[in-house]
Structures are given as C-alpha cells and as structure tokens.
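In the numbering used here, the protein residues as written are 1 to 266.
Each residue gets a CB set at the ideal place from its N, CA and C atoms; glycine is no exception.
Please read all numbers here as calculations on a predicted model, not as lab measurements.
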Amino acid sequence: MQSEYLELSFWQLGIAASLIVICGLISLLLHLELQQRLLLAAVRTVVQLLLIGLVLRWIFSVGQWYVVLGLMMVMTLIAGIAAVGRTGRRYRGIHLDSVISVWASSWLITAVALGAVVQVQPWYRPQYAIPLLGMILGNTLNGISLGLDRLGEELAGGRDRVETLLALGATRWESARESIQRAVRTGMIPTINTMMVVGLVSMPGMMTGQLLAGADPLQAVMYQIVIMFLIAAGTSLGTVSVVLLGYRRLFTADHQFLPGRLVKRR
Numbered sequence: 001m002q003s004e005y006l007e008l009s010f011w012q013l014g015i016a017a018s019l020i021v022i023c024g025l026i027s028l029l030l031h032l033e034l035q036q037r038l039l040l041a042a043v044r045t046v047v048q049l050l051l052i053g054l055v056l057r058w059i060f061s062v063g064q065w066y067v068v069l070g071l072m073m074v075m076t077l078i079a080g081i082a083a084v085g086r087t088g089r090r091y092r093g094i095h096l097d098s099v100i101s102v103w104a105s106s107w108l109i110t111a112v113a114l115g116a117v118v119q120v121q122p123w124y125r126p127q128y129a130i131p132l133l134g135m136i137l138g139n140t141l142n143g144i145s146l147g148l149d150r151l152g153e154e155l156a157g158g159r160d161r162v163e164t165l166l167a168l169g170a171t172r173w174e175s176a177r178e179s180i181q182r183a184v185r186t187g188m189i190p191t192i193n194t195m196m197v198v199g200l201v202s203m204p205g206m207m208t209g210q211l212l213a214g215a216d217p218l219q220a221v222m223y224q225i226v227i228m229f230l231i232a233a234g235t236s237l238g239t240v241s242v243v244l245l246g247y248r249r250l251f252t253a254d255h256q257f258l259p260g261r262l263v264k265r266r
C-alpha cells in the first residue's frame, strides 16, 4: 500500500502557524500574561525545526558515520543539560549525572534498536539512527527531569525523617529508599500512562508521520509498537540511573546525609 505524499508549501505552513493567535487571544482575555512567551515559543519552534531540517538534509546527503555520530553526540549533550533545567533543587554535579544517564540509557537502547530490532545496515543510516535516538532522548529527558526534581523535593522535605533514621542506625540506602522509589516512580509514570492509551486516545507521532507519508498502516503500527517499548526501556534506565547517581552524591559512604548540597533554584 503506497499513497501519494502531499508536500506542504510555505503558505500552508503559515496558515497552521497563524493558529497560535488563538492561544494569544486566550491569554489576553484571561490576563494570563503569556503573550511574549507564546511568541517566543512559536518563533523558536519554527526556527529550530527549519534549522534541523536543513541540517538533516545535509547529513542525509553526506551519509558519513562521523557526521551522524557527531549530531547524535550534540543531541545527547543538549538533552542532558535540558533535563536539569526543569528541576527545582540542584546539587553540585547534577549536570554531569544527567548527561551520563541520558547518554548511557539512550545510546544503549538505540544500539539495541538499530542492531537487533530494525537491523539497519550500516548502523549509521541517518534516516533511522537520528530519529530513533531523538525519540528515545526526548522521553528519557522527561523521565530524568521528573525523577531528579522529585528526588530533591523528597529529600529536602523529608530531611528530618532521613536524619532520624540515620541516627537510629539505618544505612543510607534504608533512609533514602522511600524517596528513591517515589522519584523513580514519578519519572516512569508518564510513559506508562501513554502506553495505556496509545492508539485509543492518542495517535503517536511516528505512526502519524508514516501514515501521512503513505506507509502501510500495519507497518506503521509495528514501528510504533517498537518505539513505545524502546521509549519505556530508555526512560526507565535513565530515571533509575540519574536518581541513584544523585543519591550517591547526597549521601556519604559513612551513611551521612548532606542536605547542604541541595540548593533550591531561584
């Protein structure tokens, strides 16, 4: 099954972009004071996507492994830094923990996808490697951000409980286990919720894109199923990794809690 792919012109893009006016009117009527942020978000959306489109066109034409790998590294670094930007409390080394967790989890799952699931030859084919990593990165980023934020809030808010447990002889793991569990759960829940309603309430982006491009619906569904499981695995690994790394930075090997390292974001 292959239907005609309809290319969009810039004036059609402009019609869609004009719909942001609805958001602006809502902000004005309800005095939300979001007009400037909406304008900035709209401009950044257009500029960033057009730029990445030009970059991808060039990368697809070149098709060299080092170019694809370079872009993947940049994407990973940006994702790791962006994840920290949403946290309410930070500690020294949080950016490094975030980048390590994003890199390790996303690249491992992408490698499995390219080598074992899709079996791309060569592995660096940009039309597969870049989109797959991008989708895994985007969702892993959210899980890491939520997990880090919840860990900071749990340990800061439950400082008395943690220190009491330590004073009574509990190990650092025993005193922090409940906070760690809640942080990891918070990071994983959005992905689980998405999986529960996918295909019923929401039509995933990759599946929609393939259908618009004229792909066979069953093949589009199969690819989306693969993506959902890849995202779930990447998010879980990334969230667990960053929460455990944060836990190790906030507790010493002598089972002492270091609440002073948690700094509330201004």
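{"Asked": "Of the listed residues V263, L25, T235 and L30, nearest to I144 (C-alpha basis)", "Found": "T235"}
{"Asked": "Three-state secondary structure (DSSP) of S9", "Found": "coil"}
{"Asked": "V201 in three-state terms, based on DSSP", "Found": "coil"}
{"Asked": "Cut-off 7 angstroms between Cβ atoms - residues of its own chain near F60, not counting five sequence neighbours on either side", "Found": "P126 and Q127"}
{"Asked": "Check whether I136 and S179 have beta carbons under 8 angstroms apart", "Found": "no"}
{"Asked": "Integer-rounded CB distance, given that L258 should sit under 8 angstroms from A156", "Found": "That pair is no contact at about 12 angstroms."}
{"Asked": "7 angstroms CB neighbourhood of G260 in its chain, flanking five on each side removed", "Found": "none"}
{"Asked": "Cα-Cα separation, L32 to L141", "Found": "28 angstroms"}
{"Asked": "C-alpha gap between K264 and V74, whole angstroms", "Found": "28 angstroms"}
{"Asked": "Cutoff 8 angstroms: V201 Cβ touching any chain E Cβ", "Found": "Any reference to chain E falls outside this structure, which holds one protein chain only."}
{"Asked": "CA-to-CA distance, P204 to T76, given in whole angstroms", "Found": "22 angstroms"}
{"Asked": "Classification of M207 by the beta-carbon crowding that lies within 10 angstroms, buried from 16 upward", "Found": "buried"}
{"Asked": "Inter-residue spacing [alpha-carbon to alpha-carbon] between Y215 and G138", "Found": "In the sequence as presented, Tyr is not what sits at residue 215; that position holds Ala. Going from the Cα of A215 to the Cα of G138 covers about 24 angstroms."}
{"Asked": "Close Cβ partners of Y124 (< 6 angstroms) along its chain, the five nearest in sequence each way excluded", "Found": "W65 and V68"}
{"Asked": "Sub-8 angstroms separation of V84 and H95 beta-carbons", "Found": "yes"}
{"Asked": "Buried versus exposed, by CB contacts within 10 Å (16 or more), E154", "Found": "buried"}
{"Asked": "Beta-ladder partner(s) of F251, from DSSP", "Found": "F257"}
{"Asked": "Alpha helix (DSSP H) runs contained entirely in the region 130-189, provided each spans 4 or more residues", "Found": "159-167"}
{"Asked": "Top-ranked residue by Cα proximity to T186, from R266, D149, R172 and M195", "Found": "D149"}
{"Asked": "Cut-off 8 angstroms between Cβ atoms - residues of its own chain near G88, not counting five sequence neighbours on either side", "Found": "D149, G152, E153, K264 and R265"}
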